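Presented below is the structure to which this report refers.
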Amino acid sequence: MAFGARLKGVLAICQPKQYQLENLKLKQNPFIVILEGVEKPGNIGTVIRTADGAGVDAVILCNSKTDVYNHNIVRSSIGTIFTVPTIMVTPEETLQFLKSQNIKIFTTSANTEKLYTTINFKQPSAIIIGNEHTGVSSFWEEHAEAKIKISMLGEASSLNAAMSASIIIYEALRQKMS
Numbered sequence: 001m002a003f004g005a006r007l008k009g010v011l012a013i014c015q016p017k018q019y020q021l022e023n024l025k026l027k028q029n030p031f032i033v034i035l036e037g038v039e040k041p042g043n044i045g046t047v048i049r050t051a052d053g054a055g056v057d058a059v060i061l062c063n064s065k066t067d068v069y070n071h072n073i074v075r076s077s078i079g080t081i082f083t084v085p086t087i088m089v090t091p092e093e094t095l096q097f098l099k100s101q102n103i104k105i106f107t108t109s110a111n112t113e114k115l116y117t118t119i120n121f122k123q124p125s126a127i128i129i130g131n132e133h134t135g136v137s138s139f140w141e142e143h144a145e146a147k148i149k150i151s152m153l154g155e156a157s158s159l160n161a162a163m164s165a166s167i168i169i170y171e172a173l174r175q176k177m178s
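In this text, residue positions in the sequence shown follow UniProt numbering: the first is 1, and each later residue adds one.
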């Protein structure tokens, strides 16, 4: 997990906690973040850090090719990777779990008119944040309650995955606290 020439000579071997969907302890109205195919470790770690700050129930990685304990994920999460339930499973397993818990699914997309602020996040909810280049897959769009977007007024058509997730996570927290 250490990287670079700043090593101080300490070594520890430990087994990180392995979370499973069936063992998650969800709040009454859970909020889950699902990262589908997000590739950049910095984005993944930042989302986990944000999830910790906002009290998200779990972060689920679907179709991830990045090791969840990649040193850049650990660093950008400032260690919250070890406290936020983070699970790597297939989209199919995730969908089955969400349905069994009556959790509504919302996908992010630049190609919709529905703003994220119009969604009732006081209900059990999950947001799907897609790959940095291809977005959310048709699998999730077919099973979503709605596609939602963040308004973009400039030239860029979207924000990066971590920024989009952070904005929506904190909207959900704002609603739950009001």
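Heads up, the beta-carbon is just placed ideally off N, CA and C, and yes, glycines get one too.
This one's a predicted model, so the numbers in the text were calculated from it and none came from an experiment.
Give, in chain order, every unbroken run of the alpha helix (DSSP H) that is at least 4 residues long and sits entirely within the segment 116-168.
-> 138-143
Residues that Cys14 bridges to, as DSSP identifies them | Working through the sequence shown from its first residue, we reach residue 14 at position 14. Paired residues: none, contrary to the question.
DSSP state of Lys176 mapped onto helix, strand, coil = Walking along the sequence shown from the start, residue 176 turns up at place 176. Here Lys176 sits in helix by DSSP.
Using 10 angstroms around the beta-carbon of Ile103, count the other beta-carbons present and answer buried if the total reaches 16, otherwise exposed.
-> By 1-based counting over the sequence shown, the position of residue 103 is 103. With 16 or more other Cβ atoms within 10 Å, it is buried.
For Ile168, count neighbouring C-beta atoms within 10 Å of its own C-beta (all shown protein chains included) and say buried if the count is 16 or more, exposed if not.
-> Against the sequence shown, residue 168 aligns to sequence position 168. Looking at its Cβ environment, which holds 16 or more other Cβ atoms inside 10 Å, Ile168 is buried.
What distance in whole Å lies between the Cβ atoms of Asn72 and Gly37, which are believed to be in contact at a cut-off of 8 angstroms?
-> Counted from its first residue, the sequence shown places residue 37 at position 37. Counted from its first residue, the sequence shown places residue 72 at position 72. Contact flag wrong, Cβ pair sits at about 17 angstroms.
Close beta carbons around Lys122, own chain, < 7 angstroms, minus the five adjacent residues each side | By one-based count along the sequence shown, residue 122 stands at place 122. Within the same chain, Lys122 has close Cβ partners Asn29, Gln175 and Lys176.
Entirely enclosed alpha helix (DSSP H) segments - the segment 25-82, minimum 4 residues = 41-54 and 71-76
C-alpha distance - Phe97 paired with Thr108, whole-angstrom precision | Stepping through the sequence shown from its first residue, residue 97 is reached at position 97. Stepping through the sequence shown from its first residue, residue 108 is reached at position 108. Near 20 angstroms, if we compare the C-alpha coordinates of Thr108 and Phe97.
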